[in-house]
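One structure is given here, and the rest of the page talks about it.
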Amino acid sequence: MTEVTRSWLQLEEPWRVAFTEAWKSFASGSAGVGAAVTDRDGTVVSSGRSRVFDEPDGTSPLAGTWMAHAEMNALAALPRAAREGHTLYTTFEPCVMCAATIRIYLIPKVMYAADDPVWDGMHDLFAQLEPIARGLPERQRLGGPWGTFAHVLHLIRLLDWGPNAVIDAHGRLAPEHLEKARDIGRTGNLQALVDGGASVVQAAEAVWPIIGEISPHSAHVGG
């Protein structure tokens, strides 16, 4: 058993679902972000992936729109009453749109794999606004090599279409992640794996040595 497979099996099931969705998103040409929601028993009750650049196919009302972030698709699959005891897992820290929607849904806990430098400090600001703060979820970051993988996977797609201000934010606060994403993107290795129908574990295997070169201190860019 390889190191990556062993690490994969040690992840909780919701993380494996979220990373699988992230790889599907990457393969579709969207942002390479995935999400899953669990109920109070820890059972996955919905999942979603970024589908901003997907063609609408009837399976998601958000597909092909700027609202089609992974978290939004996962939340859209929940009934209104799905709040108490639920946890949202996402491979990338929620943006302002997704964070606001999580607050509206009153999801009590959010697990995210990697920080988003673009919205650095946003959650501290939310905590200062009483109407928002009283319903903010507990937040916990996964980090580690899978967090780095999540960040780099997202960055590779951002480099294709992301606005300069977004790329610049990553360059300022996560320069090593951005450098490795550029390196991996240039090789075309992940796209070849997409074309060959590889799994997310096989994708991680391909870049594990590269993301392992990122220094530990740079793996946490936010608060």
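Just so we're aligned, residue 1129 is where the sequence shown starts under the working numbering, counting upward by one.
Ideal Cβ placement from N, Cα and C applies to all residues, glycine included.
Owing to the predicted nature of the structure, the values given are computational and were not obtained by experimental measurement.
Between the options, which has its C-alpha nearest residue i's C-alpha?
i     : options                       : result
R1134 : E1341, I1342, I1339 and A1332 : A1332
A1337 : W1274, G1290, L1283 and H1298 : What sits at residue 1337 in the sequence shown is Pro, not Ala. Taking only the C-alpha atoms, the option nearest P1337 is W1274.
A1164 : F1254, W1143, P1184 and G1157 : W1143
T1171 : R1231, E1141 and G1290        : E1141
D1169 : G1176, G1162, R1211 and A1205 : R1211
A1202 : S1178, P1184 and R1269        : S1178
I1339 : Q1319, R1231, N1292 and I1312 : I1312
Suppose you measure from the CA of residue i to the CA of residue j; what does that come to, to the nearest Å?
i     : j     : result
D1182 : P1207 : 24 Å
A1262 : G1272 : The identity of residue 1262 in the sequence shown is Arg, whereas the question assumes Ala. Taking the straight line joining both Cα atoms gives about 30 Å.
T1130 : P1259 : 48 Å
A1146 : Y1217 : 7 Å
T1187 : L1137 : 29 Å
V1335 : H1305 : 12 Å
M1195 : V1224 : 11 Å
G1351 : Q1268 : Note that G1351 scores a pLDDT of 46, beneath 50, so its modelled location is shaky; the value from the coordinates is reported in the next line. Taking the straight line from one Cα to the other gives about 11 Å.
P1184 : D1252 : 35 Å
Strictly by DSSP, which residues pair up with residue i?
i     : result
E1266 : K1237
G1162 : R1177
V1328 : None, per the DSSP bridge assignment.
Here's a check: name, in chain order, each residue in its chain whose Cβ is nearer than 6 Å to the Cβ of residue i, leaving out the five neighbours to either side.
i     : result
G1160 : A1150, S1153, F1154, L1281, H1282 and R1285
Kindly give me the distance between the Cβ atoms of residue i and residue j, rounded to whole angstroms, as I take these residues to be in contact under 8 Å.
i     : j     : result
P1265 : V1238 : 5 Å
Heavy atom of the ligand ATP less than 7 Å from the Cβ of residue i, yes or no?
i     : result
F1154 : As far as ligands go, the structure on display features none, and thus does not contain the ligand ATP.
Quick one: residues in its chain with C-beta nearer than 7 Å to the C-beta of residue i, no 5 flanking neighbours on either side, listed in chain order?
i     : result
G1157 : F1181
What does a CB cutoff of less than 8 Å around residue i pick up in its chain, not counting 5 residues either side in sequence?
i     : result
L1321 : Q1330, A1331 and A1334
G1299 : L1306
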